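One structure is given here, and the rest of the page talks about it.
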């Protein structure tokens, strides 16, 4: 598949939805839990009373965000995403802020999704209990290995689990609603108990209550992560791209809202109580803690209650939930290197990350992402609740900046004269929507920071600042280098060296040496000599006599090595040549072996490599590697090939 | 200091003793502990009864080993050491066995010495209690950093702590003996209690008792580690080298024996009881365990008892003991890379480890050693007693093999006709001594394996086997390569390519590109062209117009890149050139930047590096790096320089 045949691989809406929605939809597997856990700190009845209000708030934010991003999708059919919108409209620093936020967020997506996936699977497989960290880390390693090998994403691979998940939650809701309406819905596992408030929250003041509600709202907004994914992927849609993308976005938002509301409703009906794993022992039966109570996720408890007596239903919901969460984590594995590549293009990250189609460049990003996610999983014990405290900050930094950028975008367009009245009206409307979106996102961001900064969000902000500063430094470095390398028009650089002095390094007489000598001779340099370092006098004597015996028509120079080392004597000799004829350029030929396996590589060429890195510091010197391909190297160059991740969502395979 | 002025740096006996003795002498800081702990398993009275017998056994072995190695020193004034003796007399596999054993042993020397050093320091600094692992790991890291930077050993640096240690133990013994003789020697901290036997050893059968005694003897033989060091270092001695080395060896053995006997005697007088940290709670007062009892080392308890009321004495002994143990660990940091270099010379390890005076080559060895030692310290909780179970196996494998080799050595010399009668008599005597040494070492090795295999020695044996197999595989690889590279006398390799086709890779016009073009033109190739990959059509257009504007007299070829990548299009082009004229050699010039810092290097040349590693797989291609030195690179080539460790003990500084 080549880039000029991209059209054939574009996504129809029914495939685009699963490709882009796994992240957003999977959030309903943990957002309700977080709302109930946070509210539950003030007791089970408090949670039951307010979970509905919080959910309505989240749904409202979701609606605003979806409406806002529909404007982005129309305005930036190039699939710019938040980074581009911020950079173009608010300048590179705003773009870099979004970039830092998103990099942190991808890491957290992996950690949160995998942790939640493992927790959800526990409902069907209680054997996992107690081994969550190990299993979560193993899953991340598995995803890493798959992405390093270069698994191609395809719409079809996404379709089965995503539609399977939607189907599962739909069945859960429908069966639950029917059973409720016929009065046959059983209580959840935790519904038989009462949930006591945490000690310091048992007598809640007005201010503390508002604070707790805001915190629950912050946690619930985890449902919004991944909503922006479609705005990055417009080019992957079938035509009319923007319209299809906007429709898919609306569809995705609607499904997420329906799921969220259904789950919270069912949770209230089945009286699900969730306690914070860090403040356990508050689930009481007749005033006494329930011994050995293992807390399942909200979806897990719901499935057990709604499908009571029908185990396949429980297992099905657990499995599709686990799978869609792992799929959401995989999204980050695709998005992270793509974002890194864009940041690299703009000089904020090492430039080699930019080169597309180069799997090795992506490997570093994947490994970095995996390492950071594993670190988070271990640090936070694979507890979704703890990880959620760090999450969302990045998302809302990105939302806020991007929506603010969109206001600027419309202002700029409106400032131009040549816009028809109907278009102006449309732009005014879009600007209004984006303005509401920006304000809303900003408010949520402030709420998140206020209520969660000391609970972990501070670390996320810290990580963003570190990334921001680092990327600024990298860009500064590239700018300095560019300046230093600029060709002035004084013609100085065009001066030709007068002659070429060629030196072939020889350690013993074997095929690579002979090839290097032959190739060096073919270049017909002004001076050609062979050079050997006298590390071991016996070996040197053998070399010299062999040289004479073979009648090699090139002078063999021997340089002494009082310290029995190689690099310095060669360097000293090369420098003396340069000193004697400064207008010559010195070409050092180094015979190298090419072997098949990387570990074989460790056994060869190390002295050559070191010598080379030293020679490069000497002005006026070129270093030529003359390779000799050993038999084991044949066919091994393919080990560098492989597909790059994240292609399908950028409209390329 | 150059190798032709080595004479000036040779060691007189009074400096040679501290340089070579730190390892051997420091063993008396843990060998008595191990004897008492092992015997103590059968109760305090059993230990008191038998510790003397065990010590006599150890002293006897020490005497035999010292006598044996005095023969080695005379026979191999080259400082061959056990590896050379085994290889020369018993063949490369025996040598490799010794090599594997010593590599394992160096690692254990670091782990045991540092752990014991920290434990000994605890007697003076109780604050260390509970943090031993962290401190031990920190010490290993410190030693690693020092050795990576290339701290030079010098006789004087060794003299102060080693003589300080000898002085400290001597004062301890003298004061102890005087106080005993005037009936004023107090009991040790543990002397006030009784030590109960471990449950399963309370009623000891004949066989179990013998087994326990043999285990204690095995542990006590830890006192012999490091005795062989002098035999590796004969060339570092002043003339007459062999005689001086033999005298120093005897002196060292005598000091070690006197120390060992003094410490065990004082321990018996002060009634020191040692309990295994893995079987605690057996120290009883009136039949009840002593609560909160912290066990000091034997030297620590002795110092507290003998110098009771004179704190500086206690602190002095603790400090010199800690320091000499760290010095002993440093010995391994010097010995390990030297041994690795010898093994590399013989093709058993990557060849680059051989190059002397090349600090980078040594760094890998140092890092490997440090990593393995830290792993052991963490695994075994910095508990000397646990680590000792793995120790000694390597030492005695090496002793046994080397002494057996010496018998062969004398047999060979005696087989020659031209030996005078007095010399024959001397040789017969030496052979008898070495034979006794070989048998004795072999017996100890069997005892060690029998009594400790399941306690940890098995892991050490396993590690040796793994190293042995790996090193055999490396040698086989080198042999295969050598065979493949051999120049046949059919003249095929001398064929000259007919012409040179030069390709300069260009991404944009800057100084490195201009230099690469100028240098390439200076080589006057048959064909010269510039090549750029069309990754971004806009950038390519800019490049082309700039090329025309500057009137660069070289054709600029543009190759398409459908996947927006660099490597494959270049490769395809180069291959097509080769196909069109197979007798030409292709020279690809790659402009590279040279920056000052390694992390700057990460920001540049990565695509070039990758392209190069691919090009080397293509036959008939040379790759020439044309460096451009950025300002930040100036003066930075020194970062590769520095002294190599282990010089002083090989007679070189």
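Chains as they are written, first to last, in this note's numbering: chain W, 1 to 653; chain Y, 1 to 653.
Glycine included, C-beta positions come from ideal geometry on N, C-alpha and C.
Predicted model, so just to flag it, every value in this text is computed and none were measured.
Quick check on this structure: which residue in the options has the alpha carbon closest to the alpha carbon of residue i?
i              : options                           : result
residue 485(W) : 488(Y), 509(Y) and 298(Y)         : 509(Y)
residue 75(W)  : 407(W), 260(W) and 120(W)         : 407(W)
residue 162(Y) : 14(Y), 67(Y) and 128(Y)           : 14(Y)
residue 260(W) : 478(W), 613(W), 58(W) and 70(W)   : 58(W)
residue 137(Y) : 113(Y), 71(Y) and 104(Y)          : 113(Y)
residue 300(W) : 314(W), 561(W), 52(W) and 348(W)  : 314(W)
residue 103(W) : 471(W), 565(W), 172(W) and 147(W) : 471(W)
residue 28(W)  : 117(W), 351(W), 111(W) and 177(W) : 117(W)
residue 216(W) : 202(W), 189(W), 30(W) and 565(W)  : 30(W)
residue 96(Y)  : 107(Y), 83(Y) and 106(Y)          : 83(Y)
residue 120(Y) : 384(Y), 143(Y), 175(Y) and 37(Y)  : 384(Y)
residue 26(W)  : 538(W), 257(W), 178(W) and 448(W) : 257(W)
residue 504(W) : 497(W), 498(W) and 515(W)         : 515(W)
Does the Cβ of residue i have 16 or more other Cβ atoms within 10 Å, making it buried, or fewer, making it exposed?
i              : result
residue 8(W)   : Caution applies to residue 8(W), whose pLDDT of 46 falls short of 50 and renders its modelled position unreliable; the value that the coordinates give is listed next. When all chains shown are included, residue 8(W) counts as exposed.
residue 341(W) : buried
residue 318(Y) : buried
residue 555(Y) : exposed
residue 411(Y) : exposed
residue 644(Y) : Confidence is the limiting factor: at residue 644(Y) the pLDDT is only 48, short of 50, which leaves the residue's position unreliable and the question unanswerable from this model.
residue 297(W) : buried
residue 454(Y) : exposed
residue 129(W) : exposed
residue 4(Y)   : Because residue 4(Y) carries a pLDDT of 43, less than 50, the predicted location of this residue cannot be relied on, and the following value inherits that uncertainty. With fewer than 16 Cβ atoms within 10 Å of its Cβ, residue 4(Y) is classed as exposed.
residue 482(W) : exposed
What residues in its chain sit with their C-beta under 6 Å from that of residue i, if we drop five residues either side in the sequence?
i              : result
residue 323(W) : 161
residue 226(Y) : 23 and 24
residue 464(W) : 100, 101 and 104
residue 81(Y)  : 231 and 232
residue 89(Y)  : 405, 408 and 409
residue 10(W)  : 238
residue 560(Y) : 534
Given residue i, which residues of its chain have a CB within under 7 Å of its CB, disregarding the five upstream and five downstream residues?
i              : result
residue 525(W) : 500, 501, 502 and 587
residue 646(Y) : Bear in mind that the predicted position of residue 646(Y) carries a pLDDT of just 49, short of 50, making it unreliable; the figure below should be weighed with that in mind. Once the five neighbours on either side are set aside, the close Cβ partners of residue 646(Y) are 334, 335, 337 and 338.
residue 438(Y) : 400, 403, 404 and 407
residue 12(Y)  : 238
Which chain C residues are close to residue i, counting only those with a beta carbon under 7 Å from its beta carbon?
i             : result
residue 97(W) : As a matter of chain content, chain C is missing from the structure shown, whose protein chains are W and Y.
Would you say residue i touches the ligand NAD, meaning its beta carbon is less than 6 Å from a heavy atom?
i              : result
residue 432(Y) : The model depicted lacks the ligand NAD and carries no ligand whatsoever.
Given residue i, which residues of its chain have a CB within under 8 Å of its CB, disregarding the five upstream and five downstream residues?
i             : result
residue 17(Y) : 162, 248, 251 and 252
residue 79(Y) : 231, 232, 233, 234, 235, 236, 650 and 651
The stretch 212 to 220 of chain Y contacting the stretch 39 to 51 of chain Y, beta-carbon criterion three pairs below 8 Å = yes
Spell out a yes or no on whether the stretch 307 to 324 of chain Y and the stretch 213 to 231 of chain Y are touching, meaning 3 or more CB-CB pairs, one atom from each, closer than 8 Å.
-> no
Can you list, in chain order, the residues of the stretch 467 to 485 of chain W whose Cβ is nearer than 8 Å to any Cβ on chain Y?
-> 474, 477, 478, 481, 482, 484 and 485
Can you list, in chain order, the residues of the stretch 571 to 595 of chain W whose Cβ is nearer than 9 Å to any Cβ on chain Y?
-> 571, 584, 585, 587, 589, 592, 593, 594 and 595
Contact set between the stretch 544 to 555 of chain W and chain Y, restricted to residues whose Cβ is under 7 Å from the partner = none
The stretch 175 to 193 of chain Y touching the stretch 264 to 281 of chain Y, judged by at least three CB pairs closer than 8 Å = yes
Using a Cβ cut-off of 7 Å, which residues of the stretch 501 to 521 of chain Y contact any Cβ in chain W, in chain order?
-> 509, 510, 511, 512, 514, 515, 518, 519 and 521
Cβ contact check for the stretch 31 to 43 of chain W and the stretch 274 to 289 of chain W: 3 or more pairs under 8 Å = yes
Quick one, which residues of the stretch 72 to 84 of chain W are near chain Y if we go by CB-CB under 7 Å, in chain order?
-> none
Touch check for the stretch 627 to 635 of chain Y and the stretch 581 to 600 of chain Y: three-plus C-beta pairs under 8 Å?
-> yes
Report yes or no: do the stretch 412 to 424 of chain Y and the stretch 374 to 387 of chain Y share at least 3 C-beta pairs separated by less than 8 Å?
-> no
Between the stretch 195 to 211 of chain Y and the stretch 282 to 293 of chain Y, do three or more beta carbon pairs fall short of 8 Å?
-> yes
Using a Cβ-Cβ cut-off of less than 7 Å, give me the residues of the stretch 234 to 251 of chain Y that come near chain W, in sequence order.
-> none
Touching by the beta-carbon criterion (3+ pairs, under 8 Å), the stretch 533 to 553 of chain W and the stretch 607 to 621 of chain W | no
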